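Everything on this sheet refers to the single structure shown next.
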Amino acid sequence: MEKKNKGKLKIFFGYSAGVGKTYAMLEAAQLLKKQQVDVVVG
Numbered sequence: 287m288e289k290k291n292k293g294k295l296k297i298f299f300g301y302s303a304g305v306g307k308t309y310a311m312l313e314a315a316q317l318l319k320k321q322q323v324d325v326v327v328g
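Position 14, counted from 1, in the sequence shown is what the working numbering calls 300; the numbers after and before it change by one each time, with no gaps.
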């Protein structure tokens, strides 16, 4: 039987607009991409 790797879900949330959620998400995605990890944003 083939072993399947599970994905990880990371949710970025904040109390109000302008607290840096998008910036933090993109920064984390770029770091993972440099480590050759597949990243999906949606």
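Note that the Cβ used here is the ideal one computed from N, Cα and C, for glycine as well.
These numbers were taken from a predicted model, which means no experiment stands behind them.
The alpha helix (DSSP H) with residue i in it runs from where to where?
| i | result |
| --- | --- |
| Tyr309 | 307-320 |
If residue i sits next to residue j, beta carbons under 8 Å apart, how far is it from one beta carbon to the other, in whole angstroms?
| i | j | result |
| --- | --- | --- |
| Lys307 | Gly300 | 5 Å |
| Ala310 | Val327 | Wrong, their Cβ atoms sit about 12 Å apart, outside the cutoff. |
Sorted by chain position, which residues of the same chain lie with C-beta nearer than 8 Å to residue i's C-beta, five sequence neighbours on each side aside?
| i | result |
| --- | --- |
| Leu318 | Val325 |
| Gly293 | none |
Who are the near neighbours of residue i in its chain, counting only those whose CB is closer than 7 Å to its CB and skipping five residues on each side?
| i | result |
| --- | --- |
| Asn291 | none |
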